[in-house]
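Take the sequence shown: its letters are residues 0 to 122, numbered as in numbering that gives the first Met the number 0. For each residue, glycine too, the CB sits at the ideal point set by N, CA and C. One structure below.
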Amino acid sequence: MSRISLTEYETSPQEVKEQYERQIEKNGKITHMKRTLLHSLPSYKAYMEWYVLRDEIVLFLGERTFLEGATPREIAERSAGNLLPVPWIEVEDVAEAVLYLCSNKSRYVTGTQLVLDAGLLTR
0 MSRISLTEYE
10 TSPQEVKEQY
20 ERQIEKNGKI
30 THMKRTLLHS
40 LPSYKAYMEW
50 YVLRDEIVLF
60 LGERTFLEGA
70 TPREIAERSA
80 GNLLPVPWIE
90 VEDVAEAVLY
100 LCSNKSRYVT
110 GTQLVLDAGL
120 LTR
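Written as structure tokens, this is what we have:
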């Protein structure tokens with residue numbers, strides 16, 4: 000498996016250093032995900048834009064949208080409405096889906112997502 004190295008502050012361009020410092024100043028640290036994304040400033044900025052969008056969504060829909068502060072029972076009740084009666088997705092289920100997508104049987108399948116979640120997203 001290939002790995003992408005973390006961005007090294009010392010050898011980074013000035014704009015990357017500024018973003019790095021902004022994160023340290025704001026949070027006291029920078030996560031591995033953010034350090035990796037700093038290899039590509041457009042990717043990093045797109046990722047960071049999520050936080051701005053999230054704050055706007057919370058103003059409109061409230062925290063429950065993200066299940067923050069919800070008890071495990073509340074989360075289970077909210078997400079279990081249309082689940083199939085299985086505790087989890089088996090590795091074999093995912094393998095079968097991959098085999099299907101790699102086979103000639105899926106030759107006309109385009110522009111689609113194959114969701115393997117036992118009905119979680121149907122709610």
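- What residue does the alpha helix (DSSP H) around Gln112 start on, and which one ends it? By 1-based counting over the sequence shown, the position of residue 112 is 113. The continuous stretches of alpha helix (DSSP H) do not include Gln112, and DSSP gives it neither H nor E.
(Q) Which same chain residues end up closer than 6 Å to Thr6 when comparing Cβ atoms and leaving out the 5 residues on each side of it in sequence? (A) Your numbering for residue 6 matches position 7 in the sequence shown. Here the set comprises Arg34, Leu37 and His38.
Quiz item: Near Lys104, what residues of its chain come up, given a Cβ to Cβ distance below 8 Å and the 5 sequence neighbours on each side ignored?
Solution: Translated into positions along the sequence shown, residue 104 becomes position 105. For Lys104, where only same-chain residues beyond five positions count, there are no Cβ hits under 8 Å.
query: Taking DSSP as the reference, what is the three-state secondary structure of Arg124?
result: Absent from the structure is residue 124, since the part of the chain shown begins at 0 and ends at 122.
Quiz item: What span of residues does the alpha helix (DSSP H) with Val90 cover, start to end?
Solution: Your numbering for residue 90 matches position 91 in the sequence shown. Where Val90 is concerned, the enclosing alpha helix (DSSP H) stretches over Val90 to Cys101.
DSSP on Leu40, reduced to helix/strand/coil?
Taking the first residue of the sequence shown as 1, we reach residue 40 at position 41. In the structure shown, Leu40 sits in a helix (DSSP, three-state: H, G or I).
Practice problem: Give a yes or no on whether the C-beta atoms belonging to Tyr43 and Gln18 are separated by under 8 Å. | Solution: Along the sequence shown, one-based indexing puts residue 43 at 44. Along the sequence shown, one-based indexing puts residue 18 at 19. Yes. Within cutoff.
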